[in-house]
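Below is one structure, written out as structure tokens; comments come after it.
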Amino acid sequence: MTHSIAILGASGYTGAELVRLIATHPNMQIKALGANSKAGQAMADVFPHLRHLDLPDLVTIEEIDFSGIDLCFCALPHATSQAVIRDLPKTMKIVDLSADFRLRDPKVYAKWYGGQHAALECQAEAVYGLTEFYREEIRGARLVAGTGCNAATGQYALRPLIAGKLIDLDEIIIDLKTGVSGAGRSLKENLLHAELSEGAHAYGVGGTHRHLAEFDQEFSAIAGQEVKVQFTPHLLPANRGIIATVYVKGEPDAIHAALAATYADEPFLHVLPFGQTPSTRHIRGSNFCHIGVSGDRIPGRAIVVAALDNLTKGSSGQALQNANLMLGEDETAGLMLAPVFP
């Protein structure tokens, strides 16, 4: 069975990544591409690397006939998705890539995103889209909320450790580096080549980054008590990739064993042999996440390093993985592309 797919926000990086992945899917066909600012243009003109594909032209959302669409990916900016999704057909499955439906508590959403939620009824039914930990809920969902890319990376490193009571919950530090595509495609002065290249800088310092809301929500739910981590992201002069170095208080061997056991049967999560650490260059352009564990010179402390591609496993690949579950497809369909190296 071929599923008809629409992508809203197709002129952004995550939209283009969805097109690239779906092009290799055996049972999905893109029927509509929405992109208001570039409506009327061919996808090949906006993204020449996709010119070999037979794709519909970009149109406004209002021009799309959703009656024949089985599933819609929404790759729209934060605060835009909620108003659009609220008015989409209730019979259509939706995977949202924005932050609009990630947080379960409307008050928490308002705190971190600076405004009241405009689609509370949709927020209440949304399933959090960290596939490996919400797989069964995602299968039966109408609306799935994709995670933040930074939030996904940190959770893959930490969830099994919190669940297994293997680490001190008051001693968690996430030091994360991310590529510039995570900031989106819109023009920003600080993302100009001359401003960004040949350097790196921290941002969201002191507990101000919005993905902390996801860490708070998910880690506290696992532990059954409030968990607050220290988290500082850094922007790298690289197009893709996230690498998170996580410092924890716990026994390194037990931590490695727990991660290896948890992810043993997961197709996209690979735990490296003890003492080895991953690199962003080894997961680039793929839906894989690599995790390494090392001991520290201080006894009873460990370092967990996780790497994934922010546009793929951190966003569009995760979205397609969830869509496969929602549509009854093989979870790995369209996602087994090998990483691009060098």
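In the UniProt record's numbering, the protein residues as written are 1 to 342. Don't be surprised by glycine CBs; every beta carbon is placed ideally from N, CA and C. Keep in mind the model is a prediction, meaning the values are calculated, not measured.
Subject >> As assigned by DSSP and simplified to three states, the class of I30 >> reply: Position 30 of the sequence shown, counted from the start, is the residue given in the question as residue 30. Three-state DSSP puts I30 in a strand.
Original post:
Can you tell me where the alpha helix (DSSP H) with Y203 in it begins and where it stops?
Top reply: Within the sequence shown, residue 203 is the residue found at index 203, counting from 1. Run containing Y203: none; DSSP gives neither H nor E here.
Subject >> Residue of E63, T60, M92 and G285 minimising C-alpha distance to F73 >> reply: Stepping through the sequence shown from its first residue, residue 73 is reached at position 73. Here the closest residue by C-alpha is M92.
Original post:
Within the chosen definition, does the segment 8-24 reach the segment 74-91 through at least 3 CB pairs nearer than 8 Å?
Top reply: yes
Original post:
Between which two residues does the beta strand (DSSP E) containing K249 stretch?
Top reply: Stepping through the sequence shown from its first residue, residue 249 is reached at position 249. I242 to K249 is the extent of the beta strand (DSSP E) around K249.
**OP:** Give me the Cα-Cα distance between A126 and A261, rounded to the nearest whole angstrom.
**Re:** Walking along the sequence shown from the start, residue 126 turns up at place 126. Walking along the sequence shown from the start, residue 261 turns up at place 261. Cα to Cα, the separation comes out at about 29 Å.
Original post:
In angstroms, rounded to a whole number, what distance separates the CA positions of P233 and R139?
Top reply: Position 233 of the sequence shown, counting from 1, holds the residue named residue 233. Position 139 of the sequence shown, counting from 1, holds the residue named residue 139. Taking the straight line joining both Cα atoms gives about 32 Å.
**OP:** Indicate whether G59 and A44 have their beta-carbon atoms separated by less than 8 Å.
**Re:** Numbered from its first residue, the sequence shown carries residue 59 at position 59. Numbered from its first residue, the sequence shown carries residue 44 at position 44. The question names Gly, yet the displayed sequence has Val at residue 59. For V59 and A44, no; Cβs fall outside 8 Å.
Subject >> Pick from F47, G314, K249 and L269 that is closest to C289, judged by C-alpha positions >> reply: Residue mapping note: residue 289 aligns to position 289 of the sequence shown, counting from 1. Of F47, G314, K249 and L269, the residue nearest in Cα terms is L269.
Original post:
So L327 packs on D70, CB below 8 Å; how close in whole Å?
Top reply: As a first step, residue 327 must be located in the sequence shown, where it is residue number 327. As a first step, residue 70 must be located in the sequence shown, where it is residue number 70. With a Cβ gap of about 7 Å, L327 and D70 count as contacting.
Original post:
Measuring CA to CA, which of V248, A152, A23 and N310 is closest to V301?
Top reply: In the sequence shown, residue 301 corresponds to position 301, counting from 1. For clarity, residue 301 is Arg in the given sequence; the question names Val instead. Looking at the Cα atoms, V248 is the closest of the given residues.
Subject >> DSSP state of V19 mapped onto helix, strand, coil >> reply: Your numbering for residue 19 matches position 19 in the sequence shown. Note: V19 maps to helix in three-state DSSP.
Original post:
When DSSP labels each residue in this structure, what does S11 get in the three-state scheme?
Top reply: Numbered from its first residue, the sequence shown carries residue 11 at position 11. Here S11 sits in coil by DSSP.
Original post:
Would you say V304 and V227 are within 8 Å of each other, going by their C-beta atoms?
Top reply: Your numbering for residue 304 matches position 304 in the sequence shown. Your numbering for residue 227 matches position 227 in the sequence shown. Taking 8 Å as the Cβ cut-off, V304 and V227 do not qualify as a contacting pair.
Subject >> N- and C-terminal bounds of the beta strand (DSSP E) containing V271 >> reply: Here residue 271 refers to the residue found at position 271 when the sequence shown is read from its first residue. Element bounds for V271: L269 to V271.
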